[in-house]
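Everything on this sheet refers to the single structure shown next.
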Amino acid sequence: MLLSFSQILALGASFGSIQAVVAAPTPGSVDVSATAKSCKSAQYFNKRTKSCLPCTSKFTNALTCTESEATSCSRGKLDDGKCQLRTSCSGPRYVSPQDGFTCIACPDSKASRCDSTGRSVACNIGTPVNGKCAAVTCTGATYPATNGKTCTRCPDKNAFSCNSTQSTECEYGVLTKGKCVSFKCPPNTANTADGTACCSDIYTASCAPSLAPLKCKPDAVLNTIGNHCVLPVAVSQYGNNTSKTSGVTPTGGYPVTYMQWGSNPVTSYDSCASFAAKQSPSNDRGQTLFFWNGSSCWVQSRSSYVSSKFAKGSYSLNIFGHCRNTAKSAPATDAYQHGIDCGDVTAKI
């Protein structure tokens, strides 16, 4: 059926009305372009649900995005539309907890590796202790090695403690310019056992820090009270072994007097000789006789010296010199008489 011109015009008017109806939004519908523009910067427009959704719901750590990709990141680095986090860093560095991507140096300069919080877990120098690199603790004559992991013996054998450059305390000697050296003593004088002072006499080979002798030099002996090393004093002994014991009492008709030790009884031949030496002035020691019977000591008084009467078993602090010289010293006659039984001995005085 052919339409007339007027019918065609009427039909066109009706079609225009239909277009107008389709183009106009119905109540409750959404304008797509207007809604996408209304989403906030941290949101994207979801065409399917026709709503604004958070970028982080689709792209982890995204700061801004479109429906198809992240466009900026709160943490990590934008790569191919995604926010990529760094998982590790090389060397003594760790991933920044702020941006999740930047590598920052470990806080401890001695660390070779640290964890995600910056705590040291491996060290170039020392070992990890509570998240920090600490040198090993060394005791005795040792100090931490350069790597801080082991202890090294002090190079100074006399050191009690030291660091890498010098001794700080001494086991022996005195600290002098970072070294432990023995105290400088006069010629022929030994150091104390700790090397901090000098022994008090030249016959001592070694002594305690208190200066008490520990060892005497060859041919020297410890004196009776143990505070000095001395050379033995030459003593002439008169009488034989038989008469030595029987003739040392202050009785028996000998016209001499004796002085006993007093409240401090002697305990040896040497202590008796020492006591006898103290009874006479040093310039008159040669006139002193003493008598020792194994348990008691008597000393002849200088004022009561009678040359013609000797108690057998007596000892002379060189009244007559050694036995070979007994005939050469006064009283020569009596000395020669008793020199028959004479013997050279020594005493520690």
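Going by mature numbering (1 follows the signal peptide of the UniProt record, and there is no 0), the letters in the sequence shown line up with residues -23 to -1, 1 to 326, in that order.
Cβ coordinates follow ideal geometry from the N, Cα and C atoms, glycine included.
From a predicted model like this one, the values you see are computed outputs, not experimental measurements.
For C66, the three-state secondary structure derived from DSSP is coil.
C-alpha of T119 to C-alpha of I102: approximately 17 Å in a straight line. Note that the C-beta distance between R70 and C60 is not below 8 Å. Counting the other CB atoms within 10 Å of its CB gives A250 a total of 16 or more, which places it among the buried residues. Beta-bridge partners of Q20 (DSSP): P31. Considered as a whole, the stretch 164 to 216 harbours 181 to 184, 190 to 193 and 210 to 214 as its complete beta strand (DSSP E) runs of no fewer than 3 residues, in chain order. Judged by beta-carbon spacing, E46 lies beyond the 8 Å limit of K24, meaning their Cβ atoms are not closer than that value. Per the coordinates, the alpha-carbon of L30 lies some 26 Å from the alpha-carbon of R63.
Each residue's CA atom was taken as its position, placing T114 and T129 some 11 Å apart. Judged by DSSP in its simplified three-state form, D85 adopts coil rather than helix or strand. Look at D247 here: in three-state DSSP terms it is helix. The alpha-carbon separation between F252 and S177 amounts to approximately 22 Å. According to the DSSP assignment, P121 belongs to the beta strand (DSSP E) that extends over T119 to P121. For Y71, DSSP records a beta bridge to I81. When secondary structure is reduced to three states using DSSP, S15 falls in the helix class. Within 10 angstroms of the beta-carbon of K325 lie 16 or more other beta-carbons, which makes it buried. Looking at the backbone, the Cα of T201 and that of T244 are separated by about 10 Å.
F252 sits in a helix when the DSSP states are folded into three classes.
Judged by DSSP in its simplified three-state form, V151 adopts strand. Membership of R130 in the beta strand (DSSP E) is indicated by the continuous run C128 to R130.
Taking C-beta separations shorter than 8 Å and ignoring five residues to either side along the sequence, the partners of F78 in its chain run R52, G53, K54, Q61, L62, R63 and V72, following chain order. A Cβ-Cβ contact shorter than 8 Å links C175 with T166. Looking from the CA of L199, the closest CA among G125, P186 and T181 belongs to T181. With respect to S93, G108 sits apart: the two C-beta atoms are not nearer than 8 Å.
For Q143, same chain residues with a beta-carbon under 6 Å away, outside a window of 5 residues either side, are G155 in chain order.
With respect to the 8 Å criterion, E146 and S138 are classified as neighbours on the basis of their beta carbons. Pairing L208 with A197 gives a Cβ-Cβ distance under 8 Å.
Look at Q143 here: in three-state DSSP terms it is coil, with no helix or strand label.
Annotated three-state conformation of R52 is coil, per DSSP. A39 sits in a strand when the DSSP states are folded into three classes. By the 16-neighbour rule on beta-carbons within 10 angstroms, N124 is exposed.
Take C162, set aside five residues on each side of it, and the residues of its chain with a beta-carbon closer than 7 Å to its own are N168 and C175, in chain order.
Relative to the Cα of D133, the nearest Cα in the group T127, T153 and K126 belongs to T153. Between P186 and the set S49, A82, A170 and N135, the nearest pair of CA atoms involves A170.
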